[in-house]
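Read through the structure below, which is laid out as structure tokens, and then see the notes.
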Amino acid sequence: NRRKTITPGPGEHPLQYNYTFWYSRRTPSRPANTQSYEQNIRQIGTVASVEQFWKLYSHLVRPGDLTGHSDFHLFKEGIKPMWEDEANKSGGKWIIRLRKGLASRFWENIILAMLGEQFMVGEEVCGVVVSIRFQEDILSIWNKTASDQVTTSRIRDTLRRVLNLPPNTIMEYKTHNDSLKDNSSFRNTKITL
Amino acid sequence: GTRIIYDRKFLLDCRSSPLAH
Chain A
1380 NRRKTITPGP
1390 GEHPLQYNYT
1400 FWYSRRTPSR
1410 PANTQSYEQN
1420 IRQIGTVASV
1430 EQFWKLYSHL
1440 VRPGDLTGHS
1450 DFHLFKEGIK
1460 PMWEDEANKS
1470 GGKWIIRLRK
1480 GLASRFWENI
1490 ILAMLGEQFM
1500 VGEEVCGVVV
1510 SIRFQEDILS
1520 IWNKTASDQV
1530 TTSRIRDTLR
1540 RVLNLPPNTI
1550 MEYKTHNDSL
1560 KDNSSFRNTK
1570 ITL
Chain B
241 GTRIIYDRKF
251 LLDCRSSPLA
261 H
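Below, the structure is given as structure tokens:
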């Protein structure tokens, strides 16, 4: 590993974990297989403190201003935002579909909840994703163990609180195994109220 | 071990710190 270790600077507030920003954009001509996904995803940078986070985040385009089929990912350092990663392969994600215009605000709020360790599920959270699509935008939070219902319920309840979701918001959980099987992140999800 | 927990307000306040620019 030739990348240098990222640590908090003097006077900065350390985060519980280091996090890495990633960006991906699907080129319409290519099929969405694993290989092309890995080719289309780029690391933006890693942060170890609250201040380093703001410095990097403030330079990024707001997700609501992105066009086309693109995603921002913020994952714990060392975890690739891919279903096949060791930390993700037994995991899954909560999905919240957002109407256009809400993505930037919800993205910031879910990030702040993750960086501030608001979910209280130990090591379970892997990262968060905002997916910009044509009709709607989608927010997801990935965790390590899809079968751990105590963890997934706690993540769902924390999401409702930190995002201030209306009680009737539909939240869907999809295991990465199911995503691999149907080669889709958001299709055929089980609806949970 | 101890966890480093920050609430939303604290994190937003840090945004205006000179270190965050």
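Respectively, the protein sequence lines represent chains A and B.
1380 is the number of the first residue of the first sequence in the working numbering; add one for each residue after it.
241 is the number of the first residue of the second sequence in the working numbering; add one for each residue after it.
Every residue gets a Cβ at the ideal spot worked out from N, C-alpha and C, and that includes glycine.
**Message:** To the nearest angstrom, how far is the alpha carbon of A/E1515 from that of A/R1478?
**Reply:** On the first sequence, position 136 is the one that residue 1515 of chain A refers to. On the first sequence, position 99 is the one that residue 1478 of chain A refers to. Using only the alpha carbons, I get a separation of about 5 angstroms.
**Asked** Between A/Y1552 and A/W1473, what straight-line distance do the alpha-carbon atoms span, to the nearest angstrom?
**Response** Start at 1 with the first residue of the first sequence, and residue 1552 of chain A comes out as number 173. Start at 1 with the first residue of the first sequence, and residue 1473 of chain A comes out as number 94. So the alpha carbons of these two residues sit roughly 4 angstroms apart.
**Asked** Does DSSP put A/F1513 in a helix, in a strand, or in coil?
**Response** Translated into positions along the first sequence, residue 1513 of chain A becomes position 134. Three-state DSSP puts A/F1513 in coil, outside helix and strand.
**Message:** Is A/P1393 close to chain B? Criterion is C-beta to C-beta, closer than 8 angstroms.
**Reply:** Taking the first residue of the first sequence as position 1, residue 1393 of chain A is located at position 14. Yes, because at least one Cβ of chain B sits closer than 8 angstroms to the Cβ of A/P1393.
**Item:** Nearest-angstrom Cα separation, counted from A/I1420 out to A/E1465
**Value:** Position 86 of the first sequence, counting from 1, holds the residue named residue 1465 of chain A. Position 41 of the first sequence, counting from 1, holds the residue named residue 1420 of chain A. Rounded to whole angstroms, A/E1465 and A/I1420 show a C-alpha spacing of 18 angstroms.
**Request:** Might you give, ordered along the chain, the residues of its own chain that have their beta carbon closer than 6 angstroms to the beta carbon of A/T1386, omitting 5 neighbours on each side?
**Result:** Position 7 of the first sequence holds residue 1386 of chain A. Around A/T1386: A1427.
**Prompt:** Does DSSP put A/T1548 in a helix, in a strand, or in coil?
**Reply:** The sequence position of residue 1548 of chain A within the first sequence is 169, counting from 1. Coil, per DSSP.
**Item:** Contact list for A/W1433 against chain B, beta-carbon separation under 7 angstroms
**Value:** Residue numbering aside, residue 1433 of chain A sits at position 54 when the first sequence is read from its first letter. What A/W1433 touches in chain B: C254, R255 and A260.
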